[in-house]
Amino acid sequence: MKQRKSSSTVKAARDAVVNAAAHVDLLKKKTDSLAKEAEKKWQGTKPSREKARQELRKAAELLLEFERDVKEGIRQGLAEVKKKNRKS
Numbered sequence: 006m007k008q009r010k011s012s013s014t015v016k017a018a019r020d021a022v023v024n025a026a027a028h029v030d031l032l033k034k035k036t037d038s039l040a041k042e043a044e045k046k047w048q049g050t051k052p053s054r055e056k057a058r059q060e061l062r063k064a065a066e067l068l069l070e071f072e073r074d075v076k077e078g079i080r081q082g083l084a085e086v087k088k089k090n091r092k093s
């Protein structure tokens, strides 16, 4: 017989997924905006191209930061689940 997960564990997992999805949407909007600005500036003069490169780097840094946040969140979530399972 399978053991039911406690509702608090399920709720915590659901909340974590919802928060991650919201963070992804926010980063997507930021990177889309930065990419559009960069594309416009790329069509311009050389200084505008340099600014576009900087904005693309910034967008890439945001994505890398998000990746690190997700990995850390997953590690913490797994550790919490293992800890709760040991107590059970």
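Under our numbering, think of the first position of the sequence shown as 6, with each following residue one higher. Backbone N, C-alpha and C fix where the C-beta goes; we use that ideal spot for every residue, glycine too.
Exposure label - S60; buried when at least 16 CB within 10 Å | The residue given as residue 60 occupies position 55 in the sequence shown. For the record, residue 60 in the displayed sequence is Glu; it is not Ser. The residue in question, E60, is buried, as its Cβ has 16 or more Cβ neighbours within 10 Å.
Thinking C-beta only, is S38 closer than 8 Å to K46?
-> As a working note, residue 46 is residue 41 in the sequence shown. As a working note, residue 38 is residue 33 in the sequence shown. Cβ atoms of K46 and S38: not closer than 8 Å.
Can you tell me which of the three DSSP states Q59 falls into?
-> Your numbering for residue 59 matches position 54 in the sequence shown. For Q59, the three-state secondary structure derived from DSSP is helix.
Between A64 and A40, which are expected to be in contact by the criterion C-beta below 8 Å, what is the C-beta distance as a whole number of angstroms?
-> Locating residue 64 in the sequence shown gives position 59, counting from the first residue. Locating residue 40 in the sequence shown gives position 35, counting from the first residue. Their Cβ separation, rounded to whole angstroms, is 6 Å, which keeps A64 and A40 in contact under 8 Å.
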